[in-house]
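The opening residue of the sequence shown carries number 1 in my numbering; numbering runs sequentially from there. Each residue gets a CB set at the ideal place from its N, CA and C atoms; glycine is no exception. Quick caveat, the model's predicted, so the values are computed rather than measured.
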Amino acid sequence: MSNRWENKTLGEVCEILDNRRKPITKRDRTAGEYPYYGATGILDYVHDYIFDEKLILIGEDGAKWGAGENTAFIAEGKYWVNNHAHVIRPDRKIVLDNWLVYFLNFSDLSKYVTGLTVPKLNQAKMREISLPLPPISEQKKMLHVIDEIFEKTTKAKENAEKNLQNARELFESYLQSIFANPGDDWEEKSVGEIADIEYGFTDKAKYAGDYRYIRITDIDKNGNLVKDGKVFVDASEEAKKYLLKDGDLLMVRTGATYAKVLLYKDIEKSIFASYLIRIKFRQDIVNKLYWYFSKSRIYWEQANKLSSGSAQPQFNGGVLKELVFYFPRSFEKQGQIVTKLDALSTEIKKLEIVYQQKLIDLEELKKPILHKAFNGELAGVCS
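Structure, rendered in structure tokens:
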């Protein structure tokens, strides 16, 4: 660090405007055009404002203060701030807004946080935060370099996110095209015509037992089995009637994931609970084809139309029997379609891993840049 740099506390270089904050309960807010800020950002929009200038907000409670967790952010224009975010005005002759925000978000501020049950960065501790202060001219030069690098990083992230979305849309488009364009050798039959439906077992769940007890909360919004929060039931002659086999289809009857379908994989002995339905086809139909069908737009158009209850949608066995399923008559052709969908799904998942890792890597690139900036190593580059 250059010998021209100083270390000062935040309390020495900023004016604290916390006494001007004012919380408004959700019940008492009047909707409007002005942002209503809390510890982590905009919570709402209200009809009036307290502040009308560029200031820095720092989470007081209800935020995270670890390195890279972005507890500080800039607010501009007209806005309101509740009492969960500190409001500070930097002395801009000494420190620039972005220099301060970058430093606060780069730093691990947890050592300034008090309280175990309700962690809080109180005003006294916030004033003690120590920050490096190069001359304003150097801050400007380094911020210019940082902003240029971050702008390129942001564009690269946007491209990666777009590619990730395109990959997902490619699979969805192919899936839709299969069921939206059935051939002459396809059938359209209601589930009631071709399958038996079976409601699940009713018992009290425990944290230990012979069989895993799969409930509606164990099936996520994507129709996958949740790994955490397992519960169990004991073996009994009645329970054994509901043992699941590899490849069984389970549909959620109600709740936020109603009509979602799980393709069960036999990784542990499990039975299914009463708010789930097992679909058992009476003719040659590849279960996985129906599982893919349950992800199509055609399926959900029917499911949403047939379901009852707006607050708590219901999709019981009687309704399920009315749902029309589109499938090739040939069992062999059904298998071929599943094989193609599996292959494309595998490729898409590989691309998702690549793009998601790229997003992580791009975000991680910021850390060494900021590390160099706040340790004076970037100053030489800017001179």
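Does DSSP put residue i in a helix, a strand or coil?
i, result
"T346", "helix"
"T114", "strand"
"F315", "coil"
"T154", "helix"
"R21", "coil"
"Y355", "helix"
"A67", "coil"
"R168", "helix"
"V226", "coil"
"D48", "coil"
"K288", "helix"
"I267", "coil"
"V87", "strand"
"I219", "strand"
"S383", "Any reading at S383 is ruled out, since the residue's pLDDT is 49, under 50, leaving its predicted position unreliable."
"A75", "strand"
"G192", "helix"
"V145", "helix"
"R278", "strand"
"E6", "strand"
"T339", "helix"
"L243", "strand"
"R27", "helix"
"D248", "coil"
"P368", "helix"
"G32", "strand"
"F374", "helix"
"E237", "helix"
Cβ-heavy atom distance between residue i and the ligand GDP below 8 Å?
i, result
"S345", "Although the ligand GDP was asked about, the structure shown includes no ligands whatsoever."
Would residue i pass as a contact of residue j if the rule is Cβ separation under 9 Å?
i, j, result
"V81", "Y36", "yes"
"A72", "I58", "yes"
"Y264", "I298", "no"
"P132", "G376", "yes"
"Y79", "Y34", "yes"
"V124", "A85", "Sequence inspection shows Ala at residue 124; the Val mentioned does not correspond to that position. No, Cβ-Cβ distance for A124 and A85 is not below 9 Å."
"L104", "I129", "yes"
"D48", "T30", "yes"
"D342", "K295", "no"
"A256", "V231", "no"
"G11", "R127", "yes"
"Q283", "I194", "yes"
"L244", "S274", "no"
"N98", "D61", "no"
"G209", "V226", "no"
"L175", "Y45", "no"
Taking just the CA atoms, how far does residue j sit from residue i?
i, j, result
"N19", "K64", "22 Å"
"C14", "N70", "19 Å"
"N304", "V261", "14 Å"
"I337", "E187", "15 Å"
"S383", "K358", "Its pLDDT being 49, under 50, S383 is placed unreliably in this model, and the value from its coordinates should be taken loosely. Rounded to whole angstroms, S383 to K358 spans 32 Å at the Cα level."
"P313", "N83", "38 Å"
"F325", "T254", "20 Å"
"K111", "T346", "44 Å"
"D266", "F272", "13 Å"
"L17", "N122", "13 Å"
"L249", "A259", "12 Å"
"K8", "E161", "39 Å"
"G192", "E237", "28 Å"
"R278", "M251", "6 Å"
"K350", "K340", "16 Å"
"I216", "A167", "29 Å"
"K152", "M142", "16 Å"
"D185", "S177", "16 Å"
"L323", "K280", "15 Å"
"E138", "R21", "33 Å"
"E6", "R27", "47 Å"
"L378", "K372", "5 Å"
"D218", "K140", "52 Å"
Could you tell me how far apart the beta carbons of residue i and residue j are, in whole angstroms, since I believe they sit closer than 8 Å?
i, j, result
"F327", "I369", "The pair is not a contact, with the Cβ atoms about 55 Å apart (cut-off 8 Å)."
"K348", "F179", "Position check: residue 348 holds Ile in this sequence, whereas Lys was assumed. 18 Å between Cβ atoms; not a contact."
"E268", "R212", "5 Å"
"Y355", "N163", "6 Å"
"I42", "I56", "No, I42 and I56 are not in contact; Cβ-Cβ is about 15 Å, not under 8 Å."
"D203", "A239", "7 Å"
"S173", "K321", "Contact doesn't hold; Cβ gap of about 30 Å is too wide."
Subject >> Any 3 or more C-beta pairs closer than 8 Å across the segment 149 to 161 and the segment 111 to 125 >> reply: no
Original post:
Counting Cβ pairs closer than 8 Å, one from the segment 315 to 329 and one from the segment 189 to 209, do we hit at least three?
Top reply: yes
Subject >> Meets three-Cβ-pair contact criterion under 8 Å: the segment 352 to 366 and the segment 213 to 229 >> reply: With a cut-off of 8 Å, the segment 213 to 229 and the segment 352 to 366 do not count as touching, because too few Cβ pairs lie within range.
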